[in-house]
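In our numbering, the protein residues as written are 1 to 231.
Yeah, the Cβ is synthetic: ideal placement off N, Cα and C, and Gly gets one too.
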C-alpha cells in the first residue's frame, strides 16, 4: 500500500528558528494515488502573537485561536497520522522546519519528522518541469486547470486539497494536456534541506463576511471529501 499525505500549514510568521509557530495544519490521505476520506485538520493556539502580514495572507487571528488546543495537545495524534507516510508538500522545507520545531518542543523523539516519513517537495518538481515559470500554488492551479476559485484566503486544508490535484496532474502523465514546457524528468524530489525561511508571500486582501461564509462552506465540503477540478 502506497500511503501518501498531502500536507500544508499556516504559521504566525516566516521563521521557526526565530520563534514563529504553527497555527493550522491540514492533511489529506491518498492511497495508491486515490484520495480517501481520512483528514487531519486542526487550528492551533500558538501562545504568542501573529504577524500582521501573516494575518493578511491567511486571515487567522489570535482571537480566533485563543480557545484552540496548543500543539502539545495534538502532537501525538498528528504524529500517528503522519508516521510512515510519504509527505507531499509545496515548498516542503518550510513546513518541515515548522513541524520539527513544534515536535521538538513537545518530545524530541518525534523530531526530525524525516526519521519517520519520506518527503516529496512539489515546488522542486514544478521547477524541474516548468523552469523559469511561476510555480507557486496559484500558478500551478492555473497551469493545470485546477479550480481554486474558493481560495480567497490561504488555508491549510484548502491548499492541501488543491495541491493533491496539482500533484496528481504533474506526476500522472496528464500534464501534457495543460502545458507545453515539460521536461523529461518526472522523478519525485526528496527534501534535502530543512531551511525554514521562504520569501515573503504576496498579501491577500481580507475577505468580507460573504466571502468568509463561502470560505467556511468550502472547508465543510472538504471535510466531507468533496472538492472538484475545473474542466
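Asked                                                                                                            : Found
Among 38, 23, 95, the one whose alpha carbon lies nearest that of residue 30                                     : 38
Spatial distance of residue 133 from residue 126 (CA atoms)                                                      : 9 Å
Euclidean distance between Cα positions of residue 111 and residue 103                                           : 6 Å
Environment of residue 159 [buried if 16+ CB atoms lie within 10 Å]                                              : buried
Reduced DSSP secondary structure (H/G/I, E/B, other) of residue 12                                               : coil
Spatial distance of residue 61 from residue 7 (CA atoms)                                                         : 21 Å
Residue 161 versus 96, 94, 147, residue with shortest Cα-Cα distance                                             : 147
CB contact flag (residue 280, residue 120, <7 Å)                                                                 : In the structure as shown, the chain begins at 1 and stops at 231. Residue 280 is therefore absent and cannot be evaluated.
For residue 71 and residue 65, the rounded distance between their alpha carbons                                  : 12 Å
Beta-bridge partners of residue 43, as assigned by DSSP                                                          : 24
Proximity below 7 Å, CB of residue 157 to CB of residue 26                                                       : yes
Beta-carbon spacing of residue 139, residue 117 below 7 Å                                                        : no
Selected residue, minimal CA-CA separation from residue 18, among 54, 24, 101, 74                                : 101
CA-to-CA distance, residue 74 to residue 90, given in whole angstroms                                            : 23 Å
Residue 118 - partner residues in DSSP beta bridges                                                              : 86
3-residue-minimum beta strand (DSSP E) runs that sit fully inside the region 111 to 155, ordered along the chain : 118 to 121
Same chain, Cβ closer than 6 Å to residue 41, five either side skipped, listed in chain order                    : 26, 157
Proximity of residue 58 and residue 153 at Cβ, strictly below 7 Å                                                : yes
Euclidean distance between Cα positions of residue 175 and residue 47                                            : Only weak support is given to the placement of residue 175: the predicted model assigns it a pLDDT of 33, under 50, and the value that follows is read from those uncertain coordinates. If you take the alpha carbons of residue 175 and residue 47, they lie about 43 Å apart.
Buried or exposed by the 16-neighbour rule on C-beta atoms within 10 Å, applied to residue 149                   : exposed
C-alpha gap between residue 82 and residue 167, whole angstroms                                                  : 18 Å
Minimum C-alpha distance to residue 145 - residue among 105, 49, 165                                             : 165
Proximity to residue 128 [Cα-Cα], best of 68, 5, 10, 171                                                         : 171
Proximity below 7 Å, CB of residue 23 to CB of residue 55                                                        : no
Residue 282 (DSSP reduced to helix, strand or coil)                                                              : One cannot answer for residue 282 here, as it falls past the ends of the chain, which runs 1 to 231.
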